[in-house]
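If you count the sequence shown from 1, position 290 lands on 461 in my numbering, and the numbers rise without skipping.
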Amino acid sequence: MAVDEFELIRHYFSDLGNDKSGSVRLSVGDDCAIIAPPAGYNLVVSIDTMVEGTHFPKGTPGDKVASRLLGAALSDLAAMAAVPACFTLALTLPETDTVWLKAFSARLSELASQYGVRLVGGDTTRGPLTLSIQVHGWTKPGKALLRSGAQPGDRIFVTGTLGDSRGGLETVLKHITGEQVPYLQKRFFNPEPRLDTALLVSDFATSAIDISDGLLADLNHILMASKVGAMLHPTELPVSQSLYRWVGEKQAREWALGGGEDFELCFTVPLLAEPKLAWALREHDVAVTCIGQITEAPGIVLAEEGKVWSVEPQGYNHFSEKGVNR
Ligand code: ADP
Ligand code: MG
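The structure is reproduced here in structure tokens:
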């Protein structure tokens, strides 16, 4: 069934998600949306684009693209400890594939409601499959978690487990099946933005970033912005049982350090604030693991069994010479 642009917008994107913050005054249908920021809050904005063949394999079903796209976009708000409010969606589609669109909009709708964000507008064009989501959220002035606040002595923490998404991608690309595959693919296609964790630690964390390019690469952004270095303990890296069972310790650890798109948080907390962290997370259901500490000396060193060696912060760089340097 072919549908025209306006029919498509009305059918799939006119009433999607819910606005928990109560700030949307006018949504999809006019030239612009109108949003009323809560009094005393700052607007926090971020956009993420995904291109078929680059960010997800050709032929990925709509529901999986939706969860990856919205999860990744909201993860940036989590990294700032912002409360999500609404988002816009720019869609470039090669054709109006209604099966794909239905799956995409149903899953987007489900997750947008779960995270309390509303779709308030967008743009729809024809071309190679490309999707952008711009998310909007709120923070109290001075309360956003920046990359620039880490201090020597701070402990470095990460949420969840690392490397799963890289493992999941490998199973997709190589058509691998097996017991651990559903979990790993879920971690690739369905990243869970750590919005609640970020809010719980925002009063005492000194810096934060979400892990999109890989732990080393993203931690390095904190180090550069804060003008500090880091010592990491690779044996402390949180790795899932599934990844460990599938590829063994060495590969799991490599992917935990360098594999991208886990969309977990990496944040720093002063040593003296660790009791506050423990208290804040006492009933929280997301694991938070200390993996090292911030140092005065620049760069990243790994420390294991009395040995210390330095590592290059690698990561995915779309415009590096090789394109992919991980
Ligand atoms: P304009 O020509 O003024 O840019 P459009 O015809 O592109 O308007 O869009 C009409 C309305 O539908 C606008 O409110 C726009 O925000 C919304 N819209 C267009 N595409 C999407 C989409 N993919 N998702 C959500 N809203 C959309
Ligand atoms: Mg338009």
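Even for Gly, the Cβ is constructed at its ideal location relative to N, Cα and C. Every value quoted in this text rests on a predicted model; they were computed, and no experiment measured them.
- In the DSSP assignment, R297 is bridged to L264.
- Summarising the contact set, residues whose Cβ lies nearer than 6 angstroms to any heavy atom of ligand 1 are, in chain order, I180, F184, V199, G200, D201, D202, L260, L262, L290, G292, G293, D294 and T295.
- A direct Cα-Cα distance of roughly 11 angstroms separates L241 from L248.
- The C-alpha of G400 lies about 8 angstroms from the C-alpha of N391.
- Taking the Cα of F275 as reference, the smallest distance to any Cα among P409, V482, S238 and F359 is reached at S238.
- Considering only H226, A388, G200 and L452, the residue with the shortest C-alpha distance to R318 is A388.
- Remark: fewer than three beta-carbon pairs, one from each stretch, lie closer than 8 angstroms, so the stretch 310 to 317 and the stretch 220 to 233 are not flagged as touching.
- Of the residues A204, K421, H455 and A468, the one whose Cα lies closest to the Cα of A369 is H455.
- Residue environment: A379 is assigned as buried (16 or more neighbouring CB atoms within 10 Å of its CB, all protein chains considered).
- In this chain, the alpha helix (DSSP H) harbouring S413 covers Q412 to G429.
- Contact between V174 and T267 holds: their C-beta atoms lie close to 5 angstroms from each other, under 8 angstroms.
- The beta carbons of E425 and I462 sit no closer together than 8 angstroms.
- In this chain, T377 is not harboured by any alpha helix (DSSP H), its DSSP state being neither H nor E.
- Ranking V288, Q285 and T310 by CA distance to the CA of A210 puts T310 first.
- Taking C-beta atoms under 8 angstroms as the contact rule, T439 and I327 qualify, at a distance of about 6 angstroms.
- By the neighbour-count criterion, in which a residue is buried when 16 or more other Cβ atoms sit within 10 angstroms of its Cβ, F359 is buried.
- Separation of S185 and P323 (C-alpha to C-alpha, rounded to the nearest whole angstrom) is 49 angstroms.
- For E475, the enclosing beta strand (DSSP E) begins and ends at G470 to E475.
- Take S336, set aside five residues on each side of it, and the residues of its chain with a beta-carbon closer than 6 angstroms to its own are R358, F359, E432 and D433, in chain order.
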